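The number in the numbering used here is simply the position in the sequence shown, starting from 1, with 173 added.
Worksheet for the structure shown next.
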Amino acid sequence: MGKTTMLLQKAKLLNAGVNNAALYASLDDPYFYKRNLIEVADEFYKNGGKHLFFDEVHRYPSKDPEHDWSSELKTIYDRYPDLTVIYSASSILKLQKAKGDLSRRKISYNLPGFSFREYLDFNDIEKIEPMNLDHLLTRHVEISNQIISKVKIIPHFKAYLRTGYYPFYNEAPDHYFERLKDVITVILENDIPSVTGIPFETSIKLKKLLSLISESAPYTPNLSLISKELFIKDQRTLLKYFSFLENAELIQALSKEATGNRILRKPDKLFLNNTNLHYCFYSTPNIGTQRETFFANQLRNHHLLTFPETGNFKVDDTMIFEIGGKNKDKSQLKDIENAYFALDDIETGYGNT
């Protein structure tokens, strides 16, 4: 989230130095119903342009079934080697088989929502340097003591769980959840169908599936029951729907094994992607669900998460984590090596807590 704002800010900054050096264009604009990307790039380049920003490329209306946005960008790259092209798209684009091979011509960045550390920094609450998990586990008491000596961290954590994941909260705090619901609707009705080619009727099933997951996340999926409820004949189709929602960053899927084709592998647990999404469905989400969703969301971008026999999460196939509140019973992980407790409502931990 925040891709459009970032592109606009960068284009404005570049134009401040040299007039017309940068051009921003959103590809869902009706202007592109008849114009293609190559024409825009050609005209811009001939008039001295240097930096071209294309936003929402997954919504670009292709003019030829044999060519899409990727093949046009490939042509631009080859034809104008000194023109910088930056484009953004929905995360669901990972599912698309692009017609133009950009793999050797691009550098890709995934832009998830804020981590708790980034939230604190963005809102000028506290600046904390990034750190790896091993460092945090080894020195967590020292680190937490440094933080709480400067700021009361628990109230900020509770605020983050509710409204801190997406940067657009600060634009209109009173309308945050209305906007977030609109984002979900756009993803389900526009982004996923535009990339995967599914009909509108299937997007309705995706809405129902997301609602089912939200009811009891972490959700243990029963494929037979879900298929029957959503009138899906083939369970492989249902697994594909899970993949759509996960790639769109609306859910997180957790399996006991990390091997095999993710699209065809039955997930053992399903979570919403982040804690803010819970409030689109419930005014007071289950706190245990919130804690597990937060933990999975914060670690999954840089670590391998699987579902263990004992505990809530296995991290990198070596560490077991149990999630809970300050009064959590610790007997469950008593005889397990490399076991840790991630507990809420405490300012400072101790030992493996």
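Heads up, the beta-carbon is just placed ideally off N, CA and C, and yes, glycines get one too.
Quick caveat: nothing in here was measured; it's all calculated off a predicted structure.
Where residue i sits in the DSSP three-state scheme
i    : result
K331 : helix
H348 : helix
H224 : strand
S416 : helix
V314 : helix
T492 : For clarity, residue 492 is Met in the given sequence; the question names Thr instead. M492: strand per DSSP, three-state reduction.
K487 : strand
S370 : For clarity, residue 370 is Gly in the given sequence; the question names Ser instead. Coil at G370, not helix or strand.
V230 : helix
V324 : coil
I386 : helix
D237 : strand
L411 : helix
L256 : coil
S199 : strand
L180 : helix
I298 : coil
K507 : coil
G497 : strand
Y338 : coil
K567 : There is simply no residue 567 to check, as the chain begins at 174 and stops at 526 in what is shown.
Y292 : helix
Distance CB(residue i)-CB(residue j) smaller than 8 Å
i    : j    : result
T448 : F467 : yes
L353 : C453 : yes
I301 : R312 : no
F205 : Y250 : no
L478 : L423 : no
A184 : F226 : yes
H224 : L200 : no
D517 : K499 : yes
T299 : V258 : Before going further, note that residue 299 is Glu rather than Thr in the sequence given. Against a cut-off of 8 Å, the Cβ pair of V258 and E299 comes out as no contact.
L382 : Y414 : yes
Member of the options whose CA lies at the smallest distance from the CA of residue i
i    : options                : result
T178 : F289, H475, E229       : E229
G337 : N363, I326, L293, D347 : L293
N343 : N220, I326, S376, F287 : F287
E465 : Y455, H451, H475, S456 : H451
D241 : E216, D255, L275       : L275
K439 : H308, N474, N395, G461 : N395
R278 : K381, G498, Y253, E495 : Y253
L443 : N363, F486, I405       : F486
T173 : R409, F480, L310       : The structure shown does not extend to residue 173, since the chain is modelled only from 174 through 526, so no value can be given for it.
L256 : S244, L196, H308, M304 : L196
N209 : D490, E245, L306       : E245
N470 : L382, P391, G175       : P391
L180 : Y260, M492, F480       : Y260
E419 : I377, R473, L403       : R473
G497 : H476, T491, I519, E510 : I519
Length of the line joining the Cα atoms of residue i and residue j
i    : j    : result
A515 : L361 : 33 Å
V356 : N318 : 38 Å
A262 : L412 : 23 Å
T526 : V488 : 16 Å
D407 : D441 : 18 Å
K236 : K207 : 8 Å
H348 : Q463 : 22 Å
R429 : N283 : Sequence check: residue 429 is Lys here, not Arg. For K429 and N283, the distance between alpha carbons rounds to 25 Å.
E212 : E374 : 35 Å
N296 : I326 : 13 Å
I321 : E315 : 10 Å
Y333 : S387 : 19 Å
S384 : S456 : 15 Å
I460 : E495 : 15 Å
A512 : S389 : 26 Å
I405 : S264 : 25 Å
D307 : K501 : 23 Å
Classification of residue i by the beta-carbon crowding that lies within 10 angstroms, buried from 16 upward
i    : result
I280 : exposed
P458 : buried
A189 : exposed
Q425 : buried
S397 : exposed
Y523 : exposed
Y339 : buried
V359 : exposed
P481 : buried
V368 : buried
D364 : buried
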